[in-house]
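Novice:
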């Protein structure tokens, strides 16, 4: 075991634990399999057989009950036929159940009991057949035979069948008890074996683990003591390195001062660059504003053009409205003239009609009785003249209304013309305002251009100041170069001390090899141990920073 590696020992311990676990699992599996087999006998053999036997016995009882019913004195033929069919059906059901029972596996020793049941059933079927034949004969002798069967033969055959069936059931029940007892015995045996193997495995595992842990602890403690001694030597060497690092610290202080100057110069440069950036941003903002204002001026000019177009359209609308009004006025005048001409004609007709009516009345008066009819005609003509006069008055009223309508049309036309003229004036005023906006926007563009020019001058001045700041940075970098030379001298002293530290590291390396041999075993190559990282002191880290500054 001494030459085994730590990995091999650990795997052996794990293999021992796994073997114990597998043993327990194998015992448990076998025990459960045996218990399952015993219970399968109960579930797959005993219980199905008992269920089949119970069903067979119920079928037998139904056959017997239906046969006994045939012995009732007042039984009709139809009812008897039903009971006979029931007997045949139950006999068929019994034999079907018996076939199903035969299909189920039976335990050893079951056949004699089953043969007795079959013999009793065959005897009972013979008695049943005799009863059916006697009932079918329907004679006094057959009636006596049927009574004898029901009172003696059938009870005897039924008792024999019941006795055989009870014996077969008792056999299966006893077998089920045996299977159950076997299952319980197997379960108890399995539990005992699992407990025994688990306890033995626990004892063996703990014992082996203690031995393994004690050996590994002893080996690692010895190596740890050797590492502790080497660590003390490394601590002494670290003291020398700390002294060398003090020189580096002084040089670092000077470097820090130079860096502060450099930082101040960089801050000035940053401020100047920020100022230049702000100026550039302001210039960009002003340029953007100029561009935006120029766009606004363009939009204003476009709006002015649109307004001028609107004015032109308004003037055209005024012209069209005036033309339409003039045309309407001409139409109205023409209508009035036509109406006046017709009114004159009507007035002349009325006048002539009245004269004619008057003359007719005079002539009718001269004629006496013979002129009465003509007088009536004259009167009607006068009435017509009167109606014509009324129509003339109505036409006169229409003329008056037409005149009023013409006046309204004239007034409306005048108002529309005035409205259009006012609208045109408003749009002209809007065009004037837009033109003023264009002028203001152009003025703002000129002002922004002036600001851009001024900001550009400021950026130029900031660039000159930035150049001066860069010169100061160059001076500071020269000082850093001188300090770097001092750091190089201190680094040589640190290198000498590092040689002593290297010797101590060799001793520490040998101790580490012993630790690796204890972990990997005697076959681990001594010439190729894994590298062990040593702690780096703050002085060495300071030296590294000095080298970085020198670079």
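Residue numbers (the numbering used here): 8 to 558.
Where is the CB? At the ideal position from N, CA and C, for every residue including glycine.
#1: Between the C-alpha atoms of residue 148 and residue 158, what's the straight-line distance to the nearest angstrom?
#2: Measuring alpha carbon to alpha carbon, tell me which residue in 443, 350, 376, 447 is nearest residue 402.
#3: Just tell me which of 212, 389, 513, 388 has its CA closest to the CA of residue 22.
#4: Curious, which full-length beta strand (DSSP E) runs of at least 3 residues does the segment 138-220 contain?
#5: So the candidates are 271, 416, 310; which of them puts its Cα closest to the Cα of residue 338?
#6: Give the range of the alpha helix (DSSP H) segment to which residue 59 is assigned.
#7: Does DSSP put residue 288 in a helix, in a strand, or in coil?
#8: How should residue 358 be labelled, buried or exposed, when 16 other C-beta atoms within 10 angstroms of its C-beta is the threshold for buried?
#9: Can you tell me which of 174, 180, 77, 240 puts its alpha carbon nearest to the alpha carbon of residue 141?
#10: Classify residue 537 as helix, strand or coil using the three-state DSSP reduction.
#11: Under three-state DSSP, which class holds residue 10?
#12: Comparing alpha-carbon positions, which option in 423, 508, 261, 18 lies nearest residue 486?
#13: Considering only residues of the same chain and omitting the five flanking positions on each side of residue 535, which have a CB-CB separation below 7 angstroms?
#14: Pull up the distance between the alpha-carbon of residue 354 and that of residue 346, whole angstroms please.
#15: In whole angstroms, what is the alpha-carbon distance linking residue 229 and residue 221?
#16: Helix, strand or coil: how does DSSP classify residue 111 here?
#17: Give the single residue among 193, 173, 95 whose Cα lies nearest to the Cα of residue 36.
#18: Is it a yes or a no for the segment 131-140 touching the segment 153-168, going by three-plus beta-carbon pairs under 8 angstroms?
#19: Secondary structure at residue 79, three-state DSSP: helix, strand or coil?
#20: Quick check on DSSP: helix, strand or coil for residue 299?
#21: Within 8 angstroms (strictly less), CB to CB, does residue 59 reach chain E?
#22: Is the segment 383-400 in contact with the segment 357-372, if contact means three or more CB pairs nearer than 8 angstroms?
#23: What's the gap between the Cα of residue 234 and the Cα of residue 27?
#24: Return yes when the Cβ of residue 175 is within less than 8 angstroms of the Cβ of residue 60, no when it is not.
Specialist: Let me spell this out:
#1: 15 angstroms
#2: 350
#3: 212
#4: none
#5: 416
#6: 54-76
#7: helix
#8: exposed
#9: 77
#10: Unreliable positioning characterises residue 537 in this predicted model, as indicated by a pLDDT of 45, which lies under 50. The coordinate reading is nonetheless provided below. In the structure shown, residue 537 sits in coil (DSSP, three-state: anything other than H, G, I, E or B).
#11: coil
#12: 261
#13: Residue placement at residue 535 is poorly supported in this model, since its pLDDT is 45, which falls under 50; the coordinates are not used for a value here.
#14: 12 angstroms
#15: 13 angstroms
#16: coil
#17: 193
#18: yes
#19: coil
#20: helix
#21: Structure shown: chain E not included; a single protein chain is present.
#22: yes
#23: 39 angstroms
#24: yes
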